[in-house]
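Student: Mind looking over this structure? Questions follow.
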Amino acid sequence: MLTAGTAALVTALGLVSPPVAAAESGSPDAFSENTVRQIEALQSIKKGQNTGESKVDSRLLVEQKLRAQRMSASAVPALGSGAKVSADGTVLVDIRGQVSEELLKGLRESGAGIRAVSERYGSVRAEVPLNAVPAIAARADVKKVETANEAFTARQLAEPATAGNRESKEEKAARIADELKKAVDAKGQAGIAAGPVNSEGDRAHNADTARQQFGVTGVGTKICALSDGVDSLATSQARGELPAGVDVIPGQEGDGDEGTAMLEIIHDLAPNASLGFASAFNSDASFADNIRKLRFDAHCDVIVDDVLYFKESPFQDWIIAQAVNDVTANGALYFSSAGNEGNVADGTSGHWEGDFVDSGKGVGKFAGTAHNFAGAAGNQIFQPISNSSGAVPVTLFWSDPLGHSNNDYDLYLLNAAGNVVDFSQDVQTGTQDAYERVDTTGAAGLRLAIVKFSGEGRYLSLSALRGRFTDSADGLKAYTKPGVTVGHSAARDAFSVAAAPAAKAFPRALEPGDPANPAGPFPAAFGATSKVERFTSDGPRRMFYQADGTPITPGNVSGTGGEVRAKPDITAADGVSTSVTGFTTFYGTSAAAPHAAAIAGLVLSGNPGLPPADVREALINTAVDILTPGRDASSGAGVILADKVLAYTGASPQPLASAGQPTVTPADGGSALEPGDTAKVTLPVTNRGDGTATSTSVVLSSPTPGVTVAPRSKSYGTISPGQTGVNDFTITVPATQELGVPVVLNARVTFAGSYSPTTSTFSLPVGTPSPVTRNFAYAGDAVAIPDSDPTGVTVPIAVSGVGRASKLTFSVDGATCNTDQTSATVGINHSYVGDLVGTLTAPSGAKATVFQRNGGSGNNLCQVVFADNATAAFSSVSAANAPFTGTYRPAQAIGGLTTGTAADGTWKFTAVDVAGGDTGSIRSISLHINGFVQPGLAERPAGVGKSVGRGPVKPV
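Per my numbering, the very first residue in the sequence shown carries number 1; after that it's consecutive.
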C-alpha cells in the first residue's frame, strides 16, 4: 500500500495509483518482488527531489546520495549508477542554461574545470566535483546538469575493443613522432598526387576513371570533415597522402586519427579539392558550433562527419541537426554516416519504436505502468538484449518536443535475477527533454523495461546503440523495428550514407553464430549485386516536430503522425585502405561518408554553382539499385558511382585563374615604394584549374585615394592548367600618401569558365622600413594556463610610440632554456607543448594563430622567435626539439595584423590548453616592431642578441 506521504504526492501529481502486479512465479515477464523493491527505492529518490535536484541527471543524483549514505547500497545491490566519477571525485557534465562570464566564474569557484563553451547553444561542458553539482543546479541561470552527452564515430573495429589497450598520451606522442620522422626521412620516394596508399573505393566507385573521362579533380571546391581528430596530419602530409595547407580550425584539432583517415579518402577521390577539419568531440554543442564554423568561417562547400551523440533526438532536429540545417540552407552539401547500429533485414538491429501500450502491470508501490512490447500480439513488459551487447548505450525517447516534455517516462535495465543494473528516471514536468539513457554491462540475460511514470501515451524509440535485441534463453521474445538512423544524419537536407564493402569482407562475426559478411567488388566497380554491410543502420526516420518544436501533425504524435524521412539516402564504400595507423583497413559508415562527400566535390568541381537540389537529384537518380528493387531501408537509393553522376550533371574540366602576389619595382630604383613614386607592378596570373583558361584578362584598380593604375586592364590570353601568365602595370602613388598606409590593389581576373571572375586584394607597403626594432614585453607575473580549458588565459603587451609598423615579430623569451616543466627561466613552461594553441590579437581586434598543437610531448618554449619570413614552420617541430628555441614561421602570418592601422595600443597573447593532464604558465613574451623611416631622420640599424632575465629577445 502507499504510504501517507507517497499517496499525497501521487494525488498532488494527478496520478492514479496502478494496481500492484503480483509476481508470477517462474515467469520471466513479470516484476518480481525483488525488482519492485529496488525500483521503489529508486522512485523514492525521484519523488523526494527538491527543485534544484530535479535539474540534476538522475544517475548523478543517486550516485551522490549513495556516496553521502543517504541511500542504502543494499537496496539496489547490482546497481551501477552510470555516473563516471574520477579518482578525484569529479564528474564530466553538460550544464545547460544561460552562458555568461558570471556562470563561468561561478563554475570555476566551485572547483570546475571548463572543457567546452557554447553561448549559441547555451551549454558548458565542465569537470566538476560531484559534491558541487547540487549548488550548480540550484543556480537560476542553470536549466539542467546532465552527465556529459557521449558520442562515438561510425568506425567498425575489425577487432573488438578491449579494456586497457588504449595508448597513453605519451605512447601516442612517441609513436606519431617516430612515424613522422620516418616519413620525412623517406620524403622524395613517395608517389605523386595522392600518396602510395589509395582507397579501394576510388576504383569501386569508378572515381579513378571518371576523373580521367571528365577531367575533373575537385578544383575549386573545399571539402571539410568533422570527426575525433587529426593527430597524424603532419605524417600523412610528409608521406604524400595529404596536401599541405589543410585548414584546421585552431583549437579544434581534436584527439585521434579518424579525421586524418577520412581526409585521406577524400583526397584520394578528389585530389585537387581544398581540405579542412574540426573536431566533433569537445561536446555536442561544440560539434554544432564547428559545423557552422566550417561553413561560415572556413567557407567549406562540402562537409562530412561520422559522429553520433547519444542524446540526438529521433523525433526533432536537435542542436547538431539545427547546425546542419543552417549550413545546408546556406548552400553547403552535408554528408553524415548513417551509423553502424544494425538493421532489421540482416537481423542485427537493437532498435524498436512504436506507440506506448499500457501493459496494465504496475511498478510496485509507486506511480507508473510498464510498456507492453508485444502490443496486440500479447503482453510482454521486457525487451531482451543479446548476451554480446556489452557496454552498449541504450537510449529512450518519446514524442514530446525538446525542452517541453510533460510526459514522464523512465528506463530500467534488469538482469535475469530481477536486479536493477542501471536506470534513468529524470523528471519531465514541461521544461525538460524527452530522453533517458542506461548502459549495458555485458552480463547475460539483460532486459529493459520502459515505465510511464506519469502523463499520456506517446510514440517511443528504444535503441541499444551497437547492441542487438534477441530472444532470451528464458522465453522473452525480442521486438525490433527499422529506423535506427537518427539525429543529424536524418536532417532533411543532409545525405545519410550507408556502407557497402569495397573489397575484403569485414573480418569477424558481429555476434557469435552470425553468417559471413559480404565482400566487395574490388578491383571491379559496384553493381546491382553489391551488398551493404550487415552492421549498417536502417531507416526510415519518423519526425514529429520541426526544428523549432512546431508539431508537424498537430494533435497526432502517434505512429500515424509526423513526417517520414527516407533515410539513409545513398550507399558508399567502406573496408578501404589508408596510411593511418589503426586505419590501414577502415570499416564502417565512417569510411563510407567521405567517399560520398568526395564524389559530391567532383560534381561541384565540374559544375560550379550547381544548386544543392540538383546535386541531390543526380546522386539519387544515378545510384545503382541494390538489395530489394527500389529504395530500401538499408541502402537508400543505392550505391553511387562517380562516372554516372558526373555524366548526369554534364561535368566538364573548369579553368580557375587567379592573380598572385605582385612584384613592385619603383621607377627611381629605390628599394621601397615611397609617397610620390611611380612603380612597375608585375602581376602573375596562374591557372590552378582542370581546364584551359581562354580569353583571360585582368582589371587592376585601387581604392586608395590618389593612386592611379595604368593601363586599367590587360589581356593574358590563354593559360593552360598549371601555367602562369605575367603582365606589367604602372602605378603612381600621390605625394600625400601617409607613410605606413598601404596602397591597396584589387585584381579582377576574367576568363571563359564558370569560376570566372576571381578577385584578389593586395596591400603594397608605402615607406622605407626602419632598421630600428622596438621591443615591448609582457610586464606581469607568471600566469597559469588552465588545463584543458577552451577559454585559456590572456596576457597584455602595451605598445606605444611606434605608429604604423613595417615589420612585426613575436617571441617567447627566457633567460635559460631547459625542459624542466616547472622552470621559471623559460618563456612558457609547459609539459606537452603539443597541447597548446597560441593566438596573438592586435589592438584592432585582428587575430593570428601563432602555434597550433605542435611539439608533441616536448616541454617548454624558450627564446623562440616567430617571423613570417622564417625558413622553417613551427609545425615541423617534434618532441625531440624540446626545449623549443630558434626562429620559425607562425601557423598564420602575423605581419598583416598591423596592415593599415597603427601598432600602438594593447596587444593580447592568449594560450589555450586543449587537452588534459599537462600544465604550465606564460612567463615572458615580447613583440618586436619596426616602424618606417621618417624623412630627415637618421636611424641606427639594430643587431639582435639574446635576452637576459625575463626580458625579450631584443636589439642591442
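For glycine and all other residues, C-beta sits at the position ideal for the given N, C-alpha and C. Model, not experiment: these values are computed from the prediction.
Check each candidate in 382, 107 and 899 and name the one with the smallest Cα separation from residue 842.
Tutor: Here the question's residue 842 lines up with position 842 in the sequence shown. Among 382, 107 and 899, the Cα nearest to that of residue 842 belongs to 899.
Student: I'd like the list of long-range same chain contacts for residue 103, defined as Cβ closer than 6 Å, with 5 residues on each side in sequence excluded.
Tutor: Start at 1 with the first residue of the sequence shown, and residue 103 comes out as number 103. Correct list, in chain order: 141.
Student: Taking the runs of the beta strand (DSSP E) that are 3 residues or longer, which of them lie wholly in the segment 282-328?
Tutor: Listed in chain order, the complete beta strand (DSSP E) runs (minimum 3 residues) inside the segment 282-328 are 302-305 and 307-309.
Student: Roughly how far, in whole angstroms, is the beta-carbon of residue 859 from the beta-carbon of residue 883, given that I think they are within contact range, below 8 Å?
Tutor: Taking the first residue of the sequence shown as 1, we reach residue 859 at position 859. Taking the first residue of the sequence shown as 1, we reach residue 883 at position 883. Between residue 883 and residue 859 the Cβ distance is about 7 Å, and since that is below 8 Å, they are a contact.
Student: Indicate the three-state DSSP secondary structure (helix, strand or coil) for residue 548 in the structure shown.
Tutor: For this step, residue 548 is matched to residue 548 along the sequence shown. Reduced to three states, the DSSP call for residue 548 is coil.
Student: Can you give the beta carbon distance from residue 593 to residue 306, rounded, assuming they're within the 8 Å contact cut?
Tutor: Residue 593 sits at position 593 when you count from the first residue of the sequence shown. Residue 306 sits at position 306 when you count from the first residue of the sequence shown. Contact flag correct, Cβ pair sits at about 6 Å.
Student: For residue 334 versus residue 583, is the C-beta distance shorter than 8 Å?
Tutor: Position 334 of the sequence shown, counted from the first residue, corresponds to residue 334. Position 583 of the sequence shown, counted from the first residue, corresponds to residue 583. Taking 8 Å as the Cβ cut-off, residue 334 and residue 583 do not qualify as a contacting pair.
Student: Less than 8 Å between the C-beta atoms of residue 252 and residue 279, yes or no?
Tutor: What you label residue 252 is simply residue 252 of the sequence shown in a count that begins at 1. What you label residue 279 is simply residue 279 of the sequence shown in a count that begins at 1. Yes, Cβ-Cβ distance for residue 252 and residue 279 is below 8 Å.
Student: Under 8 Å between the Cβ atoms of residue 894 and residue 774?
Tutor: Taking the sequence shown and counting its residues from 1, one reaches residue 894 at position 894. Taking the sequence shown and counting its residues from 1, one reaches residue 774 at position 774. For residue 894 and residue 774, no; Cβs fall outside 8 Å.
Student: Alpha carbon to alpha carbon, how far is residue 190 from residue 248?
Tutor: In the sequence shown, the residue the question calls residue 190 occupies position 190. In the sequence shown, the residue the question calls residue 248 occupies position 248. Residue placement at residue 190 is flagged as unreliable, the pLDDT there being 45, under the threshold of 50; a coordinate-derived value is accordingly withheld.
Student: Would you call the segment 685-704 and the segment 725-738 touching, i.e. three or more CB-CB distances under 8 Å?
Tutor: Short answer: they touch.
Student: Between residue 633 and residue 447, what straight-line distance do the alpha-carbon atoms span, to the nearest angstrom?
Tutor: Locating residue 633 in the sequence shown gives position 633, counting from the first residue. Locating residue 447 in the sequence shown gives position 447, counting from the first residue. Cα to Cα, residue 633 sits roughly 26 Å from residue 447.
Student: So, at 8 Å on beta carbons, what are the nonlocal neighbours of residue 255 in its own chain, with the 5 sequence-adjacent residues on each side left out?
Tutor: Position 255 of the sequence shown, counting from 1, holds the residue named residue 255. Within the same chain, residue 255 has close Cβ partners 228, 229, 231, 279, 281 and 915.
Student: Can you find the residues in the same chain that come closer than 7 Å, C-beta to C-beta, to residue 879, ignoring five residues on each side of it along the sequence?
Tutor: Taking the sequence shown and counting its residues from 1, the one referred to as residue 879 is at position 879. If we look at residue 879 and ignore the five residues flanking it on each side, its Cβ neighbours are 173, 177, 855, 856, 857 and 858.
Student: Report yes if the C-beta distance between residue 874 and residue 846 is below 8 Å; otherwise report no.
Tutor: One-based indexing of the sequence shown puts residue 874 at position 874. One-based indexing of the sequence shown puts residue 846 at position 846. No, these two residues do not count as a Cβ contact at 8 Å.
Student: Do you know offhand how far residue 244's Cα is from residue 848's?
Tutor: In the sequence shown, the residue the question calls residue 244 occupies position 244. In the sequence shown, the residue the question calls residue 848 occupies position 848. The alpha-carbon atoms of residue 244 and residue 848 are separated by roughly 19 Å.
Student: In the DSSP assignment, what are the bridge partners of residue 804?
Tutor: Sequence index remark: in the sequence shown, residue 804 carries index 804 (1-based). Bridge partners of residue 804: 902.
Student: Given this structure, state the Cα-to-Cα distance separating residue 417 from residue 475, to the nearest angstrom.
Tutor: Taking the first residue of the sequence shown as 1, we reach residue 417 at position 417. Taking the first residue of the sequence shown as 1, we reach residue 475 at position 475. Rounded to the nearest angstrom, the two C-alpha atoms are 14 Å apart.
Student: What residues in its chain sit with their C-beta under 7 Å from that of residue 39, if we drop five residues either side in the sequence?
Tutor: Within the sequence shown, the letter at position 39 stands for residue 39. Excluding residues within five positions, the ones whose Cβ falls inside 7 Å are 363, 364, 412 and 420.
Student: Report the option in 549, 574, 566 and 559 whose CA atom is closest to the CA atom of residue 531.
Tutor: In the sequence shown, the residue the question calls residue 531 occupies position 531. Here the closest residue by C-alpha is 574.
Student: Would you give the residue range spanned by the alpha helix (DSSP H) that residue 178 belongs to?
Tutor: Here residue 178 refers to the residue found at position 178 of the sequence shown. Taken as a continuous stretch (DSSP letters only), the alpha helix (DSSP H) holding residue 178 covers 169-185.
Student: Indicate the three-state DSSP secondary structure (helix, strand or coil) for residue 434 in the structure shown.
Tutor: Mapped onto the sequence shown, residue 434 falls at position 434. Note: residue 434 maps to coil in three-state DSSP.
Student: For residue 197, count the other beta carbons within 10 Å of its own beta carbon; 16 or more makes it buried, fewer makes it exposed. Which is it?
Tutor: Position 197 of the sequence shown holds residue 197. Buried.
Student: So, are the CB atoms of residue 91 and residue 83 less than 8 Å apart?
Tutor: If you number the sequence shown from 1, residue 91 lands on position 91. If you number the sequence shown from 1, residue 83 lands on position 83. Yes, these two residues count as a Cβ contact at 8 Å.
Student: Is there contact here, the segment 215-222 with the segment 109-120, by at least three beta-carbon pairs under 8 Å?
Tutor: Counting Cβ pairs under 8 Å, fewer than three are found: no touch.
Student: Start and end of the alpha helix (DSSP H) containing residue 213?
Tutor: Position 213 of the sequence shown, counted from the first residue, corresponds to residue 213. Taken as a continuous stretch (DSSP letters only), the alpha helix (DSSP H) holding residue 213 covers 207-214.
Student: Of all the options 283, 850, 226 and 599, which has the alpha carbon lying nearest to the alpha carbon of residue 260?
Tutor: Here residue 260 refers to the residue found at position 260 when the sequence shown is read from its first residue. With distances taken between Cα atoms, residue 260 lies closest to 226.
Student: Using DSSP with H/G/I as helix, E/B as strand and the rest coil, what is residue 881?
Tutor: In the sequence shown, the residue the question calls residue 881 occupies position 881. Helix.
Student: Less than 7 Å between C-beta atoms, sequence neighbours within five positions excluded: which residues of the same chain meet that for residue 21?
Tutor: To locate residue 21, count along the sequence shown from 1; it is residue 21. In this prediction, residue 21 scores a pLDDT of 34, lower than 50, which makes its location untrustworthy; the coordinate-derived value is nonetheless stated afterwards. So the list reads 30, 31, 361 and 362, once near-sequence residues are dropped.
Student: Between residue 486 and residue 541, is the Cβ-Cβ spacing less than 8 Å?
Tutor: For the purposes of this step, residue 486 is identified with residue 486 of the sequence shown, where counting begins at 1. For the purposes of this step, residue 541 is identified with residue 541 of the sequence shown, where counting begins at 1. Cβ distance < 8 Å, so residue 486 and residue 541 count as in contact.
Student: For residue 182, is the classification buried or exposed, using 16 other Cβ atoms within 10 angstroms of its Cβ as the cut-off for buried?
Tutor: Residue 182 sits at position 182 when you count from the first residue of the sequence shown. Exposed, because fewer than 16 other Cβ atoms sit within 10 Å of the Cβ of residue 182.
Student: Roughly how many angstroms separate the alpha carbons of residue 645 and residue 262, rounded to a whole number?
Tutor: For the purposes of this step, residue 645 is taken as the residue at position 645 of the sequence shown. For the purposes of this step, residue 262 is taken as the residue at position 262 of the sequence shown. Going by the C-alpha atoms only, they are around 22 Å apart.
Student: Using a threshold of 8 Å, state whether the C-beta atoms of residue 405 and residue 425 are closer than that.
Tutor: Your numbering for residue 405 matches position 405 in the sequence shown. Your numbering for residue 425 matches position 425 in the sequence shown. No; because the gap between Cβ atoms is not below 8 Å, this pair is not in contact.
Student: Compare the Cα-Cα distances from residue 266 to each of 250, 246 and 285 and report the closest residue.
Tutor: Residue 266 sits at position 266 when you count from the first residue of the sequence shown. Among 250, 246 and 285, the Cα nearest to that of residue 266 belongs to 246.
Student: Following the continuous alpha helix (DSSP H) through residue 488, name the residue where it begins and the one where it ends.
Tutor: On the sequence shown, position 488 is the one that residue 488 refers to. Residue 488 -> no alpha helix (DSSP H), and no H or E assigned at all.
Student: Note down the Cα distance separating residue 716 from residue 921, rounded to an integer number of angstroms.
Tutor: The count along the sequence shown starts at 1 and reaches residue 716 at position 716. The count along the sequence shown starts at 1 and reaches residue 921 at position 921. Near 54 Å, if we compare the C-alpha coordinates of residue 921 and residue 716.
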